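Everything below concerns the one structure shown next.
Number of protein chains: 4
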Amino acid sequence: MHAIGVDIGGTKIAAGVVDDDGTILAQTRRDTDPDDVASIDAAIADVYRELSASFEVREVGLAAAGFVASDRSRVLFAPNIAWREYPLRDNVAALIGDPDVRIVVENDANAAGWAEFRFGVGRDVEDMVMLTLGTGLGGAIVSGGRLTRGAWGAAAEIGHMRVVPGGHYCGCGHEGCWEQYVSGSALVRDAQAAAISQPERAAALLALAGGRVEGVTGPLVTRAAQDGDPLAVDLLTEVGRWVGEGAASVAALLDPEVFVIGGGVSAAGDLLLVPARKAFDEQLSGRGHRPEAAIVIADMGNDAGMVGAADLARV
Amino acid sequence: MHAIGVDIGGTKIAAGVVDDDGTILAQTRRDTDPDDVASIDAAIADVYRELSASFEVREVGLAAAGFVASDRSRVLFAPNIAWREYPLRDNVAALIGDPDVRIVVENDANAAGWAEFRFGVGRDVEDMVMLTLGTGLGGAIVSGGRLTRGAWGAAAEIGHMRVVPGGHYCGCGHEGCWEQYVSGSALVRDAQAAAISQPERAAALLALAGGRVEGVTGPLVTRAAQDGDPLAVDLLTEVGRWVGEGAASVAALLDPEVFVIGGGVSAAGDLLLVPARKAFDEQLSGRGHRPEAAIVIADMGNDAGMVGAADLARV
Amino acid sequence: MHAIGVDIGGTKIAAGVVDDDGTILAQTRRDTDPDDVASIDAAIADVYRELSASFEVREVGLAAAGFVASDRSRVLFAPNIAWREYPLRDNVAALIGDPDVRIVVENDANAAGWAEFRFGVGRDVEDMVMLTLGTGLGGAIVSGGRLTRGAWGAAAEIGHMRVVPGGHYCGCGHEGCWEQYVSGSALVRDAQAAAISQPERAAALLALAGGRVEGVTGPLVTRAAQDGDPLAVDLLTEVGRWVGEGAASVAALLDPEVFVIGGGVSAAGDLLLVPARKAFDEQLSGRGHRPEAAIVIADMGNDAGMVGAADLARV
Amino acid sequence: MHAIGVDIGGTKIAAGVVDDDGTILAQTRRDTDPDDVASIDAAIADVYRELSASFEVREVGLAAAGFVASDRSRVLFAPNIAWREYPLRDNVAALIGDPDVRIVVENDANAAGWAEFRFGVGRDVEDMVMLTLGTGLGGAIVSGGRLTRGAWGAAAEIGHMRVVPGGHYCGCGHEGCWEQYVSGSALVRDAQAAAISQPERAAALLALAGGRVEGVTGPLVTRAAQDGDPLAVDLLTEVGRWVGEGAASVAALLDPEVFVIGGGVSAAGDLLLVPARKAFDEQLSGRGHRPEAAIVIADMGNDAGMVGAADLARV
């Protein structure tokens with residue numbers, strides 16, 4: 002059975018018709034205004050109408066970047082969209098006006114992780130943890146073949162596991178959150194700090210950035226590392242090390258078979274994975290008495306949220 | 002339907018017939034030798050025979066202190082009993098000799114947590130994390146009403162989540178494991194360290210311990226704290242603080258409705274819970290936008306492992 | 002003998018004639034432009050002319066906020082004034098044009114600490130460490146009655162001792178510097194973070210700040226704490242705790258008789274000192290086998306830099 | 002002028018006549034009992050008599066492993082010898098019975114550091130910090146050409162600077178002391194922990210140790226590293242990294258021109274120095290705006306304490 006998945010970002014929504022195998026049969030997009038939540042409801046109804054004109058669909062999955070209530074109907078809070086205790090499912094349902102269409106709301110990182118679990122690099126396992134290294138560090142947990150949502154839908158906020166007491170400040174108001182060590186933002190911040198404290202080591206990186214500290218970006222660090230720049234390699238090694246060390250803590254709790262690394266920073270590939278695996282090996286408790294989780298790069302790309310949301314609407 | 006639960010400790014086993022409501026109908030015990038694993042198999046078969054003489058039972062749950070394979074048949078490794086890749090289920094089954102009896106092996110902390118979830122303080126929730134503060138820090142995770150076992154049965158080794166990079170050495174060979182801050186051993190070690198570095202503050206505690214640093218024990222610290230000794234109160238506050246701070250990290254991953262605190266240290270009650278809740282409140286990410294987990298004391302006592310193992314044999 | 006001390010800030014200079022007892026006999030000021038270093042030279046020469054018209058002086062001490070070379074003539078680097086390898090002494094000497102006038106350049110925090118050592122709360126000791134909690138954390142070290150300048154004049158950059166590996170980012174490009182835990186900026190940042198993560202606890206503080214997180218300032222936290230606001234008390238307790246814990250590390254190296262706390266945050270008095278002393282007591286190595294340093298508030302106020310610079314010109 | 006230096010260890014004393022250039026002209030030894038402090042007094046008087054029979058000496062320097070009062074006469078506390086508030090100078094003076102002989106007591110690490118400063122690798126600098134990596138981490142500080150003793154003689158207990166809050170337990174009763182990361186004991190402990198948690202990586206090291214975890218020693222790790230064993234290299238790299246990171250904090254306070262590395266672990270040479278220098282470079286605050294301290298191996302060997310004590314008796 003086909004289902005529609007909608008990935009709702011801050012300034013646009015991407016929607017698609019997805020079949021049982023995770024294949025996208027048709028796609029469409031709309032620009033949106035993150036401060037005008039009613040316009041987002043309307044845009045979702047609109048893409049539904051467009052896509053359902055050509056495909057018969059009964060399920061719609063909405064991937065939302067925020068805390069989603071465990072009844073899969075409301076967004077409790079979103080950092081970048083003006084949703085506060087927002088009845089997204091019911092609002093969209095009212096606009097669609099067809100009681101036979103089932104709508105569910107899912108956290109976007111959960112949706113992306115679910116796509117990897119069902120159709121991507123995690124398709125052969127039952128226990129998987131996804132880490133999405135973007136601006137922050139998002140996550141998804143699959144245990145025994147089921148998505149872990151938690152009592153109130155706030156599970157897998159994995160970037161806010163504390164890894165350093167008294168560590169880096171986090172936008173969440175706390176200190177030492179994992180995402181302050183493992184994310185695109187962390188990479189950029191470390192790179193810019195190195196450009197200040199060790200300008201001679203950062204010469205190549207600064208040159209790529211047009212000589213401006215603020216010009217240093219994540220993709221630029223990755224490119225410099227791929228070209229062999231020692232500082233850039235060190236910076237990615239450091240992020241990778243923190244991936245592995247944090248993953249060892251997660252493994253102590255969840256014992257997954259695989260960690261799937263997604264998000265923009267994952268483009269660094271082995272520059273990230275090799276130190277991640279080394280650190281994981283060194284930090285995993287009970288090593289030698291248990292098999293060890295693999296750490297691999299995601300393979301569903303940017304459509305993962307849409308595909309996962311569609312599939313979760315069938316669950 | 003009745004089931005037998007067997008809690009296998011280092012030097013004795015405790016077994017009981019448990020009904021559907023978690024009530025123990027009959028009990029028995031045997032002394033065992035942790036270095037003679039065959040004798041443990043025999044003792045289990047023996048208690049089965051004794052108990053099954055008076056009760057009809059088809060399920061036997063064995064709670065084992067070690068890594069248990071996810072097929073619930075083998076103990077991969079145990080720190081205090083000489084099990085190494087040990088086929089405990091099949092060995093016991095061969096001795097019992099009745100193919101209609103279903104036998105499962107479970108990790109003992111998981112069994113105890115399951116008992117709290119089914120019949121104890123967690124009986125009204127679907128998402129629960131148990132923390133057992135004994136010599137080490139054991140744990141159990143229930144997500145969406147199911148026990149989280151992990152890909153290889155090693156989930157919920159919660160005491161080995163790292164909370165301090167470069168922190169206290171742990172018996173597991175790593176540094177900064179949570180159980181080095183939250184356990185009876187941690188409490189005793191901190192108390193003894195205070196007795197060395199701050200003898201005048203520790204005068205009351207040392208007096209209770211007969212003047213010997215090594216005489217300071219966990220129950221003695223709890224007693225001194227209940228009598229108002231400022232150092233003892235501080236020591237339990239510190240353990241409680243680490244309970245709460247670590248629990249906030251766990252909540253970022255699992256979003257449970259309740260944390261259940263068991264083990265010997267939990268006798269300290271509010272001396273532990275009040276600072277634990279305060280630290281949890283201060284450290285929980287996303288607070289204000291989500292409900293907050295309760296932190297409560299376990300109520301199943303020492304029989305939890307036996308009761309939980311029996312119940313898990315029916316799952 | 003009288004000497005002139007000049008305290009050179011970012012936007013103004015304050016100069017005074019100081020006698021042997023540290024008493025200021027006359028004072029004057031000039032506005033300056035931090036980007037126009039020649040104008041600062043000229044302003045210094047100008048205040049010299051004004052003050053030397055009424056007093057006979059042969060020594061001029063210049064307190065500069067930056068790295069000062071150990072020959073006391075050049076500013077190697079300043080964060081807020083455009084000095085880079087700048088020959089401040091020789092430039093000013095050329096403008097004054099009197100070879101009998103001796104001019105020395107000193108780091109401003111060193112000058113302030115020296116004033117406390119000679120005329121203030123440290124006047125009866127030989128070994129003292131000053132901590133100035135302002136925007137950052139400045140310091141001065143007096144060992145055996147002499148100012149510790151270091152091999153290249155960069156000693157006593159005490160705010161950049163690392164206290165948390167992987168800790169808060171610092172403007173210096175590193176992580177976990179003491180000044181990120183002990184300074185007015187740290188206090189404000191922690192207060193603002195609490196206002197985000199625990200809005201209900203921060204209600205009183207936010208009300209004082211006109212309801213705006215950015216309106217929360219250090220003096221406001223101190224005032225709220227003096228009025229008994231629990232969060233504000235906790236915030237100052239936390240800064241005080243870090244004062245004491247860091248001071249214990251400094252004491253392991255330098256064994257001073259007194260720590261002198263200055264800067265704007267020191268207005269909090271016992272709200273800062275009590276937790277600082279408690280933490281120092283708990284963390285000092287070898288306690289019980291050695292006397293313990295006192296931790297006290299500075300008493301020379303804002304003129305300390307001017308007075309100390311004048312006095313150091315005589316050394 | 003010749004002077005006698007006496008290095009007082011737990012079970013023996015080594016004494017020598019030292020000339021103005023730090024050359025040892027004659028030596029002798031005695032076995033001693035650390036629990037019988039009077040016998041140590043007597044042995045010192047005895048070596049004085051023996052050596053003064055052939056050389057005219059008026060100064061005797063005693064190097065003692067403990068807290069030495071700043072009046073250089075008493076040992077306040079020693080961890081391995083039964084000195085408690087012990088008047089070592091006066092007791093020895095009474096036994097020698099010659100009022101023209103000047104006797105001073107110095108901390109042994111200070112004496113060794115002084116020898117390096119006067120005659121060894123630090124002879125051309127005025128600001129030096131010595132780090133002695135033995136069982137613990139001892140230290141000596143020379144600022145502006147003078148030994149830093151502190152207000153009560155307890156300065157340079159550098160191994161007890163805290164580098165990790167909540168870090169490894171230390172024998173001093175605190176947590177996270179530098180010597181728990183930088184010392185022979187730390188090296189051995191990390192090596193043994195690796196042998197437990199990563200037995201396959203530790204195979205070569207274990208083979209050298211006769212297959213026993215407890216057989217792993219510091220010299221053995223150094224030997225394995227020199228032979229290229231990756232784990233052993235990693236272990237020394239880790240100690241070296243902590244040398245450099247801690248030294249960066251010390252440099253923020255003291256700005257020395259050179260760090261001198263002594264003690265048994267220093268035999269590892271570049272295996273220790275290369276990572277130490279890299280970490281120091283990366284962590285030093287204000288880098289680029291100040292010259293950087295060198296990190297070098299000590300060259301006075303085991304006689305440093307004796308030579309330094311003799312020389313300090315002349316100061």
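Protein sequence lines correspond, in order, to chains A, B, C and D. To convert, count from 1 in the first sequence and add 1; that's my numbering. To convert, count from 1 in the second sequence and add 1; that's my numbering. To convert, count from 1 in the third sequence and add 1; that's my numbering. To convert, count from 1 in the fourth sequence and add 1; that's my numbering. Every residue, glycine too, gets a C-beta built ideally from N, C-alpha and C. None of these values were measured; they are calculated from a predicted model.
Query, Result
"What does DSSP give as the partner residue(s) for glycine 170 of chain D in the beta ladder?", "Reading the sequence as shown, one finds tyrosine at residue 170 of chain D and not glycine. According to DSSP, tyrosine 170 of chain D bridges with D:Glu176."
"Kindly give me the distance between the Cβ atoms of alanine 15 of chain D and aspartate 8 of chain D, rounded to whole angstroms, as I take these residues to be in contact under 8 Å.", "5 Å"
"Do phenylalanine 281 of chain A and glycine 229 of chain A come within 9 Å of each other at the CB atom, strictly closer than that value?", "no"
"Helix, strand or coil for leucine 89 of chain A? Go by DSSP, reduced to three states.", "helix"
"Excluding five sequence neighbours on each side, which residues of the same chain lie with their C-beta closer than 7 Å to the C-beta of alanine 210 of chain D?", "Gly216, Val217, Leu221"
"Just reading off the beta strand (DSSP E) that alanine 15 of chain C is part of, what are its end residues?", "13-19"
"Consider the Cβ of valine 244 of chain C: report whether some Cβ of chain A lies at a distance smaller than 9 Å.", "no"
"Just to make sure I have the definition right: I need the residues of chain D whose C-beta is within less than 7 Å of the C-beta of valine 316 of chain C. Which are they?", "Those within 7 Å of valine 316 of chain C in chain D number zero; the least Cβ separation is about 12 Å."
"Which residues of chain F have a Cβ atom closer than 8 Å to the Cβ of tyrosine 170 of chain D, listed in chain order?", "As a matter of chain content, chain F is missing from the structure shown, whose protein chains are A, B, C and D."
"May I ask you to report which of helix, strand or coil DSSP gives alanine 196 of chain B?", "helix"
"List the whole-angstrom C-beta distance separating alanine 94 of chain C from phenylalanine 56 of chain C, where the pair is believed to meet the contact cut-off of C-beta under 8 Å.", "With a Cβ gap of about 19 Å, alanine 94 of chain C and phenylalanine 56 of chain C do not count as contacting."
"Could you tell me whether the Cβ atoms of serine 71 of chain B and arginine 90 of chain B are closer together than 9 Å?", "no"
"Can you tell me which of B:Gly265, B:Lys279, B:Glu293 puts its alpha carbon nearest to the alpha carbon of glycine 302 of chain B?", "B:Gly265"
"Between alanine 113 of chain D and histidine 161 of chain D, what straight-line distance do the alpha-carbon atoms span, to the nearest angstrom?", "18 Å"
"Can you tell me the Cα-Cα spacing of lysine 279 of chain A and alanine 156 of chain A, whole angstroms?", "27 Å"
"Please name the residue, chosen from C:Arg30, C:Pro35, C:Ile41, C:Ala39, that lies closest to glutamate 51 of chain C on a Cα-to-Cα basis.", "C:Arg30"
"Please find out if some non-hydrogen atom of the ligand NAP comes closer than 8 Å to the beta-carbon of valine 7 of chain B.", "Of ligands this structure carries none, so the ligand NAP is not represented either."
"So which residues on chain C does glutamine 199 of chain B lean against when the C-beta distance must stay under 9 Å?", "Asp282, Glu283, Arg288, Gly289"
"Under a three-way DSSP split, which group does alanine 4 of chain B fall into?", "strand"
"What is the residue span of the beta strand (DSSP E) that alanine 249 of chain B lies within?", "Unbroken run through alanine 249 of chain B is the alpha helix (DSSP H), 231-255; no beta strand (DSSP E)."
"Is there contact here, the stretch 168-176 of chain C with the stretch 165-185 of chain A, by at least three beta-carbon pairs under 8 Å?", "yes"
"Straight-line CA distance for glycine 139 of chain D to glycine 309 of chain D?", "15 Å"
"Alpha carbon to alpha carbon, how far is tryptophan 179 of chain D from leucine 132 of chain C? Give it in angstroms, no decimals.", "22 Å"
"Taking Cβ positions only, does tryptophan 153 of chain A come closer than 9 Å to chain B?", "yes"
"Glycine 185 of chain C and threonine 136 of chain C look like a contact to me (Cβ under 8 Å); what is the Cβ gap, rounded to whole Å?", "6 Å"
"Phenylalanine 281 of chain B lies in the beta strand (DSSP E); which residues open and close that run?", "First-last for phenylalanine 281 of chain B: 271-284, but that is the alpha helix (DSSP H), not the beta strand (DSSP E)."
"Taking 9 Å as the CB-CB limit, is alanine 156 of chain C close to chain D?", "yes"
"Under the three-state reduction of DSSP, which class applies to arginine 147 of chain D: helix, strand or coil?", "strand"
"Applying the 10 Å Cβ sphere with the 16-neighbour rule, what's the burial state of asparagine 108 of chain A?", "buried"
"Name, please, each residue of chain A whose Cβ falls closer than 8 Å to the Cβ of glycine 145 of chain B.", "Arg147, Thr149, Arg150"
"Pull out every residue of the stretch 249-266 of chain A whose Cβ sits closer than 9 Å to any Cβ of chain B, in chain order.", "Ala249, Ser250, Val251, Ala252, Ala253, Leu254, Leu255, Asp256, Pro257, Glu258, Val259"
"Can a CB atom of chain D be found closer than 9 Å to the CB of proline 166 of chain A?", "yes"
"Just to confirm before moving on: does the CB-CB distance between leucine 254 of chain B and leucine 254 of chain A stay below 9 Å?", "yes"
"Rounded C-beta distance between threonine 238 of chain B and proline 276 of chain B? I'm assuming under 8 Å.", "4 Å"
"To which residues of the same chain is alanine 294 of chain C closer than 7 Å at the C-beta, ignoring the five residues directly before and after it?", "Ala252, Pro257, Glu258, Val259, Phe260"
"With a threshold of 7 Å on Cβ separation, who are the neighbours of aspartate 34 of chain A within its own chain once the five nearest residues in sequence on each side are excluded?", "Ser40"
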